[in-house]
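Colleague: Numbering (the working numbering), first residue to last: 435 to 612. Backbone N, C-alpha and C fix where the C-beta goes; we use that ideal spot for every residue, glycine too. In this text, all values refer to a predicted model and were calculated from it rather than measured experimentally.
1) If you count every other CB in all the chains shown that lies within 10 Å of the CB of residue 578, and 16 or more means buried, which is it?
2) Got a sec? Which residues, its chain only, sit under 6 Å from residue 649 by beta carbon, not counting five neighbours each side?
3) Who are the Cβ neighbours of residue 592 in its own chain at under 6 Å, not counting the five residues just before and after it?
4) If we ignore side chains and look at the alpha-carbon of each, how far apart do residue 521 and residue 573 end up?
5) Can you give me the C-alpha to C-alpha distance between residue 586 and residue 570, rounded to a whole angstrom?
6) Return the CA-CA distance between residue 582 and residue 469, expressed in angstroms with no decimal places.
7) Is residue 483 helix, strand or coil when you go by DSSP?
8) Under the rule that 16 or more other beta-carbon atoms within 10 Å means buried, what is residue 550, buried or exposed?
9) Evaluate residue 560 with the Cβ neighbour count: other Cβ atoms within 10 Å of its Cβ, from every protein chain shown; 16 or more gives buried, anything less gives exposed.
10) Put residue 520 into one of helix, strand or coil per three-state DSSP.
11) Determine the direct distance from the alpha carbon of residue 544 to that of residue 600, and round the result to whole angstroms.
12) Considering only residues of the segment 461-515, which uninterrupted beta strand (DSSP E) runs meet the minimum length of 3 residues and lie entirely inside it, listed in chain order?
13) Go ahead and pull the three-state DSSP assignment for residue 577.
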């Protein structure tokens, strides 16, 4: 897997100050995408053990709320294969930090049911994510006033509560920590 960039003090892609990893590779190709160069799976830099350690160290300060995955598309199966073992390291070292993930896939149609994103890693990856921002970016629904999403069709899911209850639970923004 390659990645485009790592932001070590990001306040735009999730609640609080975060470390954000922009993975490479996306098959959605949404018109108006803010990160079109990351559609290419070969874009950027290889995601190595050194890269993982760099991110783990960046997560250490108390003021860092957690990690955000975006891209590209973290739920492309070839990205899941690499991200799952890394997320297990994040969870082991920082169980108190939260994890956000942005995906153009939708939870019910693409990740919980058989579809092109679902693979042997999907359930493990979902189990480690606290907040899932799901749905493709739709340029006609673009709204820059929306917190933590680009278009009004995208949802900010409290993924832990959703998976536990079996029904969609949206994250209540402004409710403090997750």
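Modeller: Reading off the structure:
1) Around the beta carbon of residue 578, a 10 Å sphere encloses fewer than 16 other beta carbons of the protein chains shown; the residue is thus reported as exposed.
2) A query on residue 649 cannot be resolved here, the shown segment of the chain reaching from 435 to 612 and no further.
3) Hits under 6 Å: 603 and 605.
4) Rounded to the nearest whole angstrom, the C-alpha separation of residue 521 and residue 573 is 31 Å.
5) Within the model, the alpha-carbon separation for residue 586 versus residue 570 is close to 10 Å.
6) Each residue's alpha carbon lies about 15 Å from the other.
7) Three-state result, residue 483: helix.
8) The residue is exposed, with fewer than 16 neighbouring Cβ atoms inside 10 Å.
9) So residue 560 ends up on the buried side.
10) Correct three-state label for residue 520: helix.
11) Between residue 600 and residue 544, the C-alpha separation is close to 16 Å.
12) Counting only runs of 3 or more residues that sit fully inside the segment 461-515, the beta strand (DSSP E) segments are 498-505, in chain order.
13) It is coil, neither helix nor strand.
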